[in-house]
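Novice: Can you keep this structure in mind? I'll have questions shortly.
Numbering (the working numbering), first residue to last: 19 to 99.
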């Protein structure tokens, strides 16, 4: 996956998140359904942003960005903000 693909994936996840929130607002889905899916989307977004940062850092330091790999969700979610 290259940077363009990762950014496209991020945009797709953001669009889905917005659509879910809209559907919740119109009562098309329950808050429980929305919460479960939002949690998954947020984890996937964090993982995608982390991968993009890894690729950019590797490129900056003369390393191969294609050697970057997605880290496990629990590792990415454990980072301090």
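Quick reminder that beta carbons are idealized off the backbone N, C-alpha and C, glycines included.
Using only CA atoms, which one of 68, 78, 55, 76 lies nearest to residue 35?
Specialist: Looking at the Cα atoms, 55 is the closest of the given residues.
Novice: Could you tell me the distance, in whole angstroms, from the CA atom of residue 41 to the CA atom of residue 47?
Specialist: C-alpha separation (whole angstroms): 6 Å.
Novice: Counting only the same chain and skipping the five closest in sequence on each side, list residues whose C-beta sits under 8 Å from that of residue 67.
Specialist: Once the five neighbours on either side are set aside, the close Cβ partners of residue 67 are 28.
Novice: Verify whether the separation of the beta carbon atoms of residue 61 and residue 91 is less than 7 Å.
Specialist: Yes, Cβ-Cβ distance for residue 61 and residue 91 is below 7 Å.
Novice: By Cβ distance below 6 Å, which residues in the same chain neighbour residue 70 in space, the five residues on each side in sequence not counted?
Specialist: Correct list, in chain order: 24.
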